[in-house]
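Chemist: When the sequence shown is numbered by my numbering, its final residue is 214 and no position is left out of the sequence of numbers. Cβ atoms here follow ideal geometry from the backbone N, Cα and C, with glycine treated the same way.
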Amino acid sequence: MPIVIRLDVMLAKRKMRSKDLARAIGATEANLSLFKSGKVKGLRFETLEAMCRHLDCQPGDLLEYEPEIVADA
């Protein structure tokens, strides 16, 4: 998937655990874990806003686009 989740990096920079972030933004630890692993198909802007507010960061600090390289056949 060309969208890479960088939540672990931001949590480390802020010296915060996923459990604490989940509690602070009103999410479950399970949902946050699924997001961190990239196993979700979507993310509500409300949740993204809450993460950015609590982590004092921009959406681009949490999500990165890395295009897939397609080899010629």
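Can you round the beta-carbon distance between Phe176 and Ile146 to whole angstroms, since I take them to be within the 8 angstroms contact cut?
Modeler: About 6 angstroms separates the two Cβ atoms, so the contact holds.
Chemist: Please state whether DSSP places Leu204 in a helix, a strand or coil.
Modeler: In this structure, Leu204 counts as strand in the three-state DSSP scheme.
Chemist: Find the nearest neighbour of Leu184 within the set Met151, Leu203, Asp149 and Cys198, judged by alpha-carbon distance.
Modeler: For the residues Met151, Leu203, Asp149 and Cys198, the minimum Cα distance to Leu184 belongs to Leu203.
Chemist: Kindly indicate which residue of Ala153, Lys156, Lys160 and Ala165 has the alpha-carbon position closest to the one of Glu190.
Modeler: Checked all of Ala153, Lys156, Lys160 and Ala165; the closest Cα to Glu190 is Ala165.
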